[in-house]
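Protein chains: 2
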Amino acid sequence: MSARKIGVTELALRDAHQSLMATRMAMEDMVDACEDIDQAGYWSVECWGGATFDACIRFLNEDPWKRLRTFRELMPNSRLQMLLRGQNLLGYRHYEDMVVEKFVEKSAENGMDVFRVFDALNDPRNMAKAMQAVKDVGKHAQGTICYTISPVHTVEGYIKLAGQLIDMGAESIALKDMAALLQPQPAYDIVRGIKETYGDIQINVHCHSTTGVTLVSLMKAIEAGADVVDTAISSMSLGPGHNPTESLVAMLEGTGYETGLDMERLLRIRDHFAEVRPKYAEFESATLVDTDIFSSQIPGGMLSNMESQLKAQGAGDRIREVMLEVPKVKADAGHPPLVTPSSQIVGTQAVFNVLMGRYKVMTGEFADLMLGYYGECLGERNAEVVEMAKAQAKKDVIADRPADHLDPEWGALEAAAAKLEGFDGSAEDVLTNAMFPGVAPKFFETRHEGPKNVSKTPAQLAAERAKASGDRPGITGPVQYNVKIAGREHSVSVEPV
Amino acid sequence: MSARKIGVTELALRDAHQSLMATRMAMEDMVDACEDIDQAGYWSVECWGGATFDACIRFLNEDPWKRLRTFRELMPNSRLQMLLRGQNLLGYRHYEDMVVEKFVEKSAENGMDVFRVFDALNDPRNMAKAMQAVKDVGKHAQGTICYTISPVHTVEGYIKLAGQLIDMGAESIALKDMAALLQPQPAYDIVRGIKETYGDIQINVHCHSTTGVTLVSLMKAIEAGADVVDTAISSMSLGPGHNPTESLVAMLEGTGYETGLDMERLLRIRDHFAEVRPKYAEFESATLVDTDIFSSQIPGGMLSNMESQLKAQGAGDRIREVMLEVPKVKADAGHPPLVTPSSQIVGTQAVFNVLMGRYKVMTGEFADLMLGYYGECLGERNAEVVEMAKAQAKKDVIADRPADHLDPEWGALEAAAAKLEGFDGSAEDVLTNAMFPGVAPKFFETRHEGPKNVSKTPAQLAAERAKASGDRPGITGPVQYNVKIAGREHSVSVEPV
């Protein structure tokens, strides 16, 4: 019996550095690995979308569209893959449908092949337009299930959602586990259930490694019939990142499944990023493994956000109260998965509730969440809190597709971009400004200076650390100097005071 | 159907700190975790043996027997477990049988319950005496299979070895994977094979996490019928250490297996060691995950040993040649598993072969290995190299049990210890000196000073690093000081030269 081929999506160029080093990796630190990545035999190479677009223009003075074209050129044999937040595109609000169409069209034109389309609330209506646009340009539309744990989330519910995505024309289904919550048994049950219910639709499984358990989940998903799994080359893996690609290969040896990846290429890719990663050490978190989320239901990034909000209010000691408040707010909102932007919205409201009394003050975003402007959640929203949201926001509940409430905006977006210094006249630039209006204008102005590399050599890091620790770093006792003053030499003992 | 209970052995107090921080953890950094460990519901608590005995007297000025008694007192409800190197005990040579008996008797008397008995070559004759001694004192004798990969090591071979251990009276079988080489499929096949061949003998599985794949191997071993698995609390896990205990718990949820561990206790144990671990940072390696061993067959620790040997000979650039030589030397020796002491013996000989020509100079240890003085390997030894070993060592081949060639030595060991300053007259002290004659005398002399803690606070570490980087650390430009000389104040600019 020949082994069943398991496809692999390599994450090093997108989610791995997004998760490990705050999306800061410079293009020049990736290009030399591209030939090996292109030739290693991956099913796809995730290299764009998510936070990379934002990071490019915010921190790296790099044109994300040019990055995409460079990847296309360097990896001619690979399926390039991106993460796309449905009707949000890569920004933080819903866009009118024509903007979605334009974005997908331009992404495809610049080289994108596989679009992983998701919505934070798992509301299919927020994914439908983007998926249709992907199909319209003849590219691979992957519908996404965001996995979470709650009293209303069940294996059956996820299987049903997969059916909705398939009905919308998904060419494959991604089971996306952004918080490393997907345990082996539900991984098996969901994949199995989808395959048994809908036949042989391709299933891709994406897990983070934060809780230390998800390589086992990938194994179980594969046993249940998963076709493609996401991993990151070992030197760009683990912690808040993903499971190591080489470990996956080793895991499958002799099991009747095989990746067909070229191990020599993998080792070269590994060695490349082993050199690169230390330069971004200042952006890395210390998390090696963290299983707290299974009991707290609060992802690590959300927790640290809430902590800094509390500290800014001089209430850093109330984090325990806020942690107990989060599940209540989440339940009131109908149990949204906690992922951008719902994690920020729920977390901030929990902080407000603790500091000012429950729902005494509502953020505009939380009111919108309660009123349906982000879409529908699986659970029912607390009717009392909905009433409070209506009163505070002076808005009505909506039940239809949020984007249906938006007016055509492409013309206005073109006009806004045209006013900016450095705007190059392209639809790509219009889209960049549409998604990041607070950042794009400055980027357009400085774009001609070329990309910045924000990494640091170990020597630079050491010098900075020394500097940060004070003007006279490391000196703890008197130091002897020979000092010449007015022509006379003195032996002087100097001590910091 | 009720879930099948999977026992867990907690490694934090022994192998975890041995693997992560060179066995340096002070007893005072462990005592406060003991009550929670004792109450958490582990099958056993590994807390002694391996390198801990050596490290206690070599680095920590701590009596290892007293450490054992303290653990016994602090964890009255737990099975205490140790790792015992068969006829080597905890030392680096074979001991005559009566010494083995005495050691086991005293270990049991001081509180040990479970003796995991292994031999580097998997030669049952080197384990038989220790196992019989354990049974004689009514304790748990665990026979061990050291797992390795080689052309002569097969699933069937390991199953056969398990049978030999059972025939020798093993109450349980440990499958010990010290190099993180045990992949999921062989883990399944070996455990399944043992259960099917010999019925329901208890199987314990011990894996390191270095290659990133072995939590999956534990899952497969459990599915195949393994009864107990070894893990380390998450704050003492991963890298060259072991899989996280909490991740194991999460892994099994809903699968029909359960650990029954008390999660609140686990979190307290985790928090305890999360405070402790950073203090030992200087002993930690940077390895996060390393799958090289699958192709090189060379464990990480062995590689760094050979590198330093080469550097000491001014031949650091020849490591690639040595890496290619290792498999040949290993094959010539009959494919011993590479673990202490065989890894050192094979590695050093490979270095000698590269530097001086193949087998031109043989170490005494390698000659002994070729002549049977360490026991039998699974593979056949290269007859030509055996002849060279005979000539160089001027010794004959032996085929019987190595320890049968040893004369009674207990009396001489007693006499030797009696001469030492600070010897307390106990059999325990005789054993300590017998196992570490190069270290024990000095330890006996200084024992009254009490244990040392070699950990460092972050501030201490920073100060040391600064000091190591030069007398004027971090100063790169002129620094202004106000200096008083002979009553007059001067503003002085000082610059390192």
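Here the protein sequences come in this chain order: A and B.
So the number in my numbering is just where the residue sits in the first sequence, counting from 1, plus 1.
So the number in my numbering is just where the residue sits in the second sequence, counting from 1, plus 1.
Ideal Cβ positions, reconstructed from N, Cα and C, are used throughout, including at glycine.
{"Item": "My output table needs one value for I411(A): the three-state DSSP class, helix, strand or coil.", "Value": "Note that residue 411(A) is Trp in the sequence shown here, rather than Ile. Helix."}
{"Item": "So T256(A) contacts chain B; which residues on that side make the cut at Cβ distance below 7 Å?", "Value": "P185, Q186"}
{"Item": "May I ask which residues mark the beginning and end of the beta strand (DSSP E) holding W49(A)?", "Value": "45-50"}
{"Item": "Which term fits E47(A), buried or exposed, when burial requires 16 or more other beta carbons within 10 angstroms of its beta carbon?", "Value": "buried"}
{"Item": "In this structure, does DSSP put T477(B) in helix, strand or coil?", "Value": "Annotation note: pLDDT 48 at T477(B) (below 50); position unreliable, no value reported."}
{"Item": "Just curious, the alpha helix (DSSP H) that D231(B) is in, first and last residue?", "Value": "Counting along the chain, D231(B) falls outside any alpha helix (DSSP H), though it belongs to the beta strand (DSSP E) covering 229-232."}
{"Item": "How many angstroms separate the CA atom of D397(B) from the CA atom of G380(B)?", "Value": "19 Å"}
{"Item": "What do you get for V362(B), buried or exposed, if any count of 16 or more other CB atoms within 10 angstroms of its CB means buried?", "Value": "exposed"}
{"Item": "Just to confirm my understanding: we take T458(B), look at its own chain, exclude 5 residues before and 5 after, and list those with CB closer than 8 Å. What are they?", "Value": "K280"}
{"Item": "Helix, strand or coil: which one does DSSP assign to R5(B)?", "Value": "strand"}
{"Item": "Along the region 190-222 of chain B, where does the CB come closer than 7 Å to a CB of chain A? Name the residues.", "Value": "T212, G213, V214, L216, V217, M220"}
{"Item": "Short check: CB of I234(B) to CB of E410(B), under 8 Å?", "Value": "no"}
{"Item": "With 8 Å as the limit, tell me which residues of the region 51-83 of chain B have their beta carbon closer than that to any beta carbon of chain D; keep them in chain order.", "Value": "The structure shown contains no chain D; its protein chains are A and B."}
{"Item": "Can you name the residues that DSSP bridges to N205(A)?", "Value": "A175(A), V229(A)"}
{"Item": "Smallest Cα separation from P438(A): which of A417(A), V387(A), A428(A), M307(A)?", "Value": "A417(A)"}
{"Item": "According to the neighbour-count rule (16 or more other Cβ atoms, all chains shown, within 10 Å of its Cβ), is V153(B) buried or exposed?", "Value": "exposed"}
{"Item": "Let me know the secondary structure DSSP gives R402(B) once reduced to three states.", "Value": "coil"}
{"Item": "Give me the Cα-Cα distance between A419(B) and V156(B), rounded to the nearest whole angstrom.", "Value": "49 Å"}
{"Item": "Assuming I195(A) contacts I150(A) (C-beta within less than 8 Å), just tell me the rounded distance between them.", "Value": "In fact, because the Cβ distance is near 18 Å, the residues do not count as touching under 8 Å."}
{"Item": "Please report the straight-line C-alpha distance between H273(B) and G226(B), rounded to a whole angstrom.", "Value": "33 Å"}
{"Item": "For the candidate residues M179(B), Y96(B), I202(B), L239(B), whose alpha-carbon lies nearest to that of V402(B)?", "Value": "For the sequence presented, residue 402(B) should be read as Arg rather than Val. Ranking M179(B), Y96(B), I202(B), L239(B) by Cα distance to R402(B) puts Y96(B) first."}
{"Item": "Please state whether DSSP places H243(B) in a helix, a strand or coil.", "Value": "strand"}
{"Item": "In whole angstroms, what is the alpha-carbon distance linking G170(A) and R193(A)?", "Value": "20 Å"}
{"Item": "For L262(B), count neighbouring Cβ atoms within 10 angstroms of its own Cβ and tell me buried if that reaches 16, exposed if not.", "Value": "buried"}
{"Item": "Report the neighbours of S238(A) on chain B: residues whose CB is nearer than 7 Å to its CB, in chain order.", "Value": "V290"}
{"Item": "Report the residue from V32(B), R59(B), Y43(B), Y375(B) whose alpha carbon sits nearest the alpha carbon of A24(B).", "Value": "Looking at the sequence provided, one finds Thr at residue 24(B) rather than Ala. T24(B) has its Cα closest to that of R59(B), out of V32(B), R59(B), Y43(B), Y375(B)."}
{"Item": "Check the DSSP bridge columns for E11(B) and list the partner residues they point to.", "Value": "V46(B), T232(B)"}
{"Item": "Measuring straight from C-alpha to C-alpha, what distance separates R448(B) and T232(A)?", "Value": "51 Å"}
{"Item": "Name, please, each residue of chain A whose Cβ falls closer than 8 Å to the Cβ of P328(B).", "Value": "Near P328(B) there are no residues of chain A at all, since even the closest Cβ is about 17 Å away, more than 8 Å."}
{"Item": "Would E254(A) and L267(A) qualify as a contact pair, given that the criterion is a beta-carbon distance under 8 Å?", "Value": "no"}
{"Item": "Below 8 Å on the Cβ atoms is my guess for G348(B) versus M307(B); work out the distance and round it to an integer in Å.", "Value": "5 Å"}
{"Item": "When you compare only the Cα positions, how much space is there between P442(B) and M28(B)?", "Value": "21 Å"}
{"Item": "Taking three-plus beta-carbon pairs below 8 Å as touching, is the region 354-371 of chain B in contact with the region 385-397 of chain B?", "Value": "yes"}
{"Item": "Using a Cβ-Cβ cutoff of less than 7 Å, which residues in the same chain neighbour L311(B) once the five nearest sequence positions on both sides are dropped?", "Value": "G317, R319, I320, V323, V352"}
{"Item": "How should D137(A) be labelled, buried or exposed, when 16 other C-beta atoms within 10 angstroms of its C-beta is the threshold for buried?", "Value": "exposed"}
{"Item": "When the cut-off is 8 Å and only beta carbons count, does M303(B) lie next to chain A?", "Value": "no"}
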